[in-house]
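Here's the structure, in structure tokens; my notes come after.
2 protein chains.
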Amino acid sequence: MTRQGDRRLHVNLHLDQAGHHIAAWRRNGHDLSRYDDITYDIELVRLAERGLLDSIFIADAPMLLHNARYRVPFLEPITLLAAYAVATSRIGLIATASTTYFEPYNLARQFASLDRISGGRAGWNIVTTALTGAARNFGDRELRDHDGRYRDAEEFVDVVTKLWDSWEADAVVADPAGGVFVDTGKVHAIDHRGRVFDVAGPLNVPRSAQGRPLLVQAGASEAGRSFGARFGEVIFTNQLSLESARAYYADIKRRAAGFGRAPEEIFILPGIKPVLASTEAEARRRAAELAELIEPEIGRTILTWQVDGIELPEMPLDEPFPDLTATLPPEVRSRYARLVEMARQHDMTTGRLLRRLAAGTHREFIGTPEMLADDMEEWFRAHGADGFTLQPQELPEGLEVFVDHVVPILQRRGLFRREYEGTTLRDLFGLPPVPSRHAVG
Amino acid sequence: MTRQGDRRLHVNLHLDQAGHHIAAWRRNGHDLSRYDDITYDIELVRLAERGLLDSIFIADAPMLLHNARYRVPFLEPITLLAAYAVATSRIGLIATASTTYFEPYNLARQFASLDRISGGRAGWNIVTTALTGAARNFGDRELRDHDGRYRDAEEFVDVVTKLWDSWEADAVVADPAGGVFVDTGKVHAIDHRGRVFDVAGPLNVPRSAQGRPLLVQAGASEAGRSFGARFGEVIFTNQLSLESARAYYADIKRRAAGFGRAPEEIFILPGIKPVLASTEAEARRRAAELAELIEPEIGRTILTWQVDGIELPEMPLDEPFPDLTATLPPEVRSRYARLVEMARQHDMTTGRLLRRLAAGTHREFIGTPEMLADDMEEWFRAHGADGFTLQPQELPEGLEVFVDHVVPILQRRGLFRREYEGTTLRDLFGLPPVPSRHAVG
């Protein structure tokens, strides 16, 4: 499709059990015991599949979050997605996993297994993880500097893709007469000896229907953008205005071209956090109700999480949010600077910013399905986005409204699929299966 | 149950897609494409659940096996079991994972996630992995000596159980009025600083319905037996005669008591590899057919796998299997010695041993359902076993016959459950949920 110029909008659901607003679980009438039960998650994922969404995505950090007290706990993403795989048949399944805290052989193998279990629907969201709390769970390893982490991550991804390529697509011959199940001549050692990793291979999992999992990335810094443009097939990004989104979009596509890649084969999906209702007034009322569920204490905890646990000075809630960027350690400066930008843009006091943060740092959208469809179309046509990473502030309601009311509008406008284009995640992005680097011809 | 002296036999299915005979996939009439499809595995697991089996178990090694050419490839066990979890509701799910090649935080978290996804049905088969091929996939780490690996494994298990205990059972309060989802006063850092591992914790996954995953182990050496008796709740073992099984059983229970444990709370399940049919003659015919599918080349490969890839001298197929134990590196001696014992016991030539090895090294049983039930009862009553790790040589047939014909006999004799005793894996063994070490009272 992409190649015919018939550009289509993609929607990736960022799954969070109760919704992306941290206090969404507190609203009235919710059966809280449901969060304890995998069947609830599975209903959400099936709802996303009924809406023909491209994929669901699970964020991750290998540590107890600073805001754990106030939110529904989450499980390990690869394990979760293997469970969702057998409860669905078409939707893509994207798990976050860190290049800093996994062994490449284990990660390659678990994703390859997920890719086979799901019939070729796996994606790996590559993160490098710069969190003190995570480091302390893994031998208190010193946090590497930002660029160093990305250099290590490049080698990590190199090893993982070599392992995925170690099986040619036709290595499984299953020849009962000859007694050979696997033509081991088509399974190749990788013999990787690098700066950080020594891995002999081959992997012990055959190639999947889509060749290998889709690579997903979300870098915002210089090193992150370069990494994403080089390896990423789908890019998540946090863009608060169409102007910044267009600049980011152009930059990533240009960089991708610089790495010899076709710019239309890298898909940029900014985050959007809707609160939807049939009228704008009703949507505003719902958003206000959510905001009222936030105690200032929760906001402080979320702010602490944004700066990786660093103790910040007292900030009066009714004064403008202070710009302390220069006083912070380099690792957290870009995250804090984004908060300052957000506060400036909307002239926010600290108190208002903290309430706003309760739903995450991505772009908020409050309105009707029609208004959201208009917004998405505008960003899509203006080349600010190839689609969106949907972060409904309340679940399942936000997803129900999206599936039943936004999707049909996008379909009528010719922007969104009316049926799944194939069986693999790559099929949904119009990407062919990846051949092994060892495949001839 | 155990406590009332009403001892019941347990059956754990060692899952291997085509069966434990390496050439079972070659027999006539099999749709080989099924092995490519998770729905086939799921049918097997559901069949085991229909038969009220305690658990299924998946073996593992993080490398391409030496015999990969001749067998159906297998996926990563934790991922697989998460998929099986949502397709079943009662049967236990035991995955093998290595203390040598996983980070304890990742392993603790993935098993805790599996345990929650399955509603408390997870078990971890703890292995230390002494394979050169595996080491080469993980930084070419030097293989530690046998006792050193077990010392490291003890610390690994200590860290993992501390992480599992870091959440008290009532830490999730989900109080919408107070705005608190998790009482973080009941989630504890572990601050482990050990000889090998530094892990701060806490884990980010709440406690499961059974407290924590069941610990499973299969050590045969001195260090392995001690480790199993200290940590194992279920013990797999390879015993070729009732006499040796009784000695092993008594030894493990005695050692467990020495660690202050109740001997009836550790369950010993020797492997058994049946070929079953309605008459003994028919079973023998089936076993002979399987044996004919083995080329000598396959036997050689399996022998190489038994000695971790070491090149052995030529062995004429029609001469007695030579005892080379003393000439081999210490790491593989106990495995080779077991082969010598097997060959001596049945006066086998090298050729016959190689054919025999094609179905694995565990005890073979060829006969009718009635004969197998008699054999199991004898071992069970003689305290050679608390149950069995079932390794059908052909699947699904071997499991179908077991479920439909052996289970009813065991039930009539009062040896096997007529319905599942609860919802967790610990329930099936009559074990109470494990409380967190931080729980008071």
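Chains A and B are the protein sequences, given in the same order.
Going by my numbering, the first residue of the first sequence is number 326, and it counts up by one from there.
Going by my numbering, the first residue of the second sequence is number 326, and it counts up by one from there.
The beta-carbon is built from N, C-alpha and C at its ideal position, and this holds for glycine as well.
- Legend: CB atoms of the segment 601-621 of chain B lying less than 9 Å from CB atoms of chain A belong to residues Leu618, Ile619 and Glu620.
- Residues of the segment 450-467 of chain A with a C-beta less than 7 Å from any C-beta of chain B: Arg461, Asn462, Phe463, Gly464 and Asp465, listed in chain order.
- In the DSSP assignment, Pro733 (chain A) falls within the unbroken alpha helix (DSSP H) covering Val732 to Arg737.
- Residue environment analysis places Asp495 (chain B) among the exposed positions, since fewer than 16 neighbouring C-beta atoms fall within 10 angstroms of its C-beta.
- Tyr574 (chain B) and Ile593 (chain B) have their C-alpha atoms some 7 Å from each other.
- Residue contact with chain B for Glu401 (chain A): present (Cβ-Cβ distance below 7 Å to some residue of chain B).
- Here the alpha carbons of Ser443 (chain B) and Ile383 (chain A) stand approximately 19 Å from one another.
- His671 (chain A) is classed as exposed because its beta carbon has fewer than 16 other beta carbons within 10 Å across all chains shown.
- Counting along the chain, no alpha helix (DSSP H) covers Ile560 (chain B); the unbroken beta strand (DSSP E) around it starts and ends at Val559 to Thr562.
- In the DSSP annotation of this structure, Asp672 (chain A) is not part of any beta strand (DSSP E), being labelled neither H nor E.
- By the C-beta density criterion, Thr453 (chain A) is buried, having at least 16 other C-beta atoms within 10 angstroms.
- When A:Asn431, A:Leu456 and A:Ile597 are compared, the shortest CA-CA separation from Phe522 (chain A) is found for A:Asn431.
- The closest CA to that of Phe561 (chain A), considering only A:Leu720, A:Pro647, A:Arg586 and A:Asn450, is found on A:Asn450.
- Look at Thr421 (chain B): its C-beta is not under 7 Å from any C-beta on chain A.
- Per DSSP, Pro402 (chain B) is not a residue of any beta strand (DSSP E); the alpha helix (DSSP H) it occupies stretches across Pro402 to Ala410.
- By alpha-carbon distance to Ala373 (chain A), the top candidate from A:Leu400, A:Asp341, A:Glu401 and A:Ser566 is A:Asp341.
- When only Cα atoms are considered, Ala393 (chain A) and Ile734 (chain A) end up about 37 Å apart.
- Under a 10 Å Cβ-count criterion, Val498 (chain A) is classified as exposed, with fewer than 16 other Cβ atoms of the shown protein chains found around its own Cβ.
- Cβ-Cβ distances below 8 Å link Glu746 (chain A) to Met326, Asp752, Leu753 and Gly755 in the same chain, with the five nearest sequence neighbours on each side left out; the list follows chain order.
- Counting along the chain, Asp633 (chain B) sits inside no alpha helix (DSSP H), nor does DSSP assign it H or E at all.
- Within the segment 619-653 of chain A, the residues whose Cβ lies closer than 9 Å to some Cβ of chain B are Ile619, Glu620, Glu622 and Ile623, listed in chain order.
- Here Phe727 (chain B) is actually not in contact with Leu740 (chain B); their C-beta atoms are around 14 Å apart, not less than 8 Å.
- Annotation for Val512 (chain A): Ser491, Trp492, Ala496 and Pro527 place their beta carbon closer than 7 Å to its own, counting only its chain and skipping 5 residues before and after.
- Interface annotation, Asn563 (chain A): not in contact with chain B, CB-CB separation never under 7 Å.
- Pro595 (chain B) is bridged by DSSP to B:Thr562.
- In this structure Lys578 (chain B) does not touch Glu689 (chain B) by the C-beta definition: roughly 26 Å separates them, more than the 8 Å allowed.
- A straight line joining the alpha-carbon of Ala572 (chain A) with that of Thr686 (chain A) spans about 19 Å.
- By the rule that beta-carbons nearer than 7 Å mark a contact, Pro531 (chain B) touches chain A.
- For Leu432 (chain B), the closest Cβ of chain A is not nearer than 7 Å.
- Listed by position along chain B, the residues whose Cβ is nearer than 7 Å to that of Gly526 (chain A) are Asn462.
- If you ignore the 5 residues before and after Met667 (chain B), its C-beta comes within less than 8 Å of the C-beta of Leu565, Met673, Leu678, Arg681 and Thr686, all in its own chain and listed in chain order.
- Taking 7 Å as the CB threshold, Gly504 (chain A) lines the interface with chain B.
- Around the beta carbon of Gly448 (chain A), 16 or more other beta carbons sit within 10 angstroms, so the residue counts as buried.
- Per DSSP, the unbroken beta strand (DSSP E) holding Ala422 (chain A) starts and ends at Gly417 to Ser423.
- Taking Ala422 (chain A) as the centre and dropping the five residues before and after it, the same chain places the C-beta of Leu432 closer than 6 Å to its C-beta, in chain order.
- Taking a contact as a CB-CB distance under 8 Å, the pair Pro595 (chain B) and Ala710 (chain B) counts as one, their CB atoms being some 5 Å apart.
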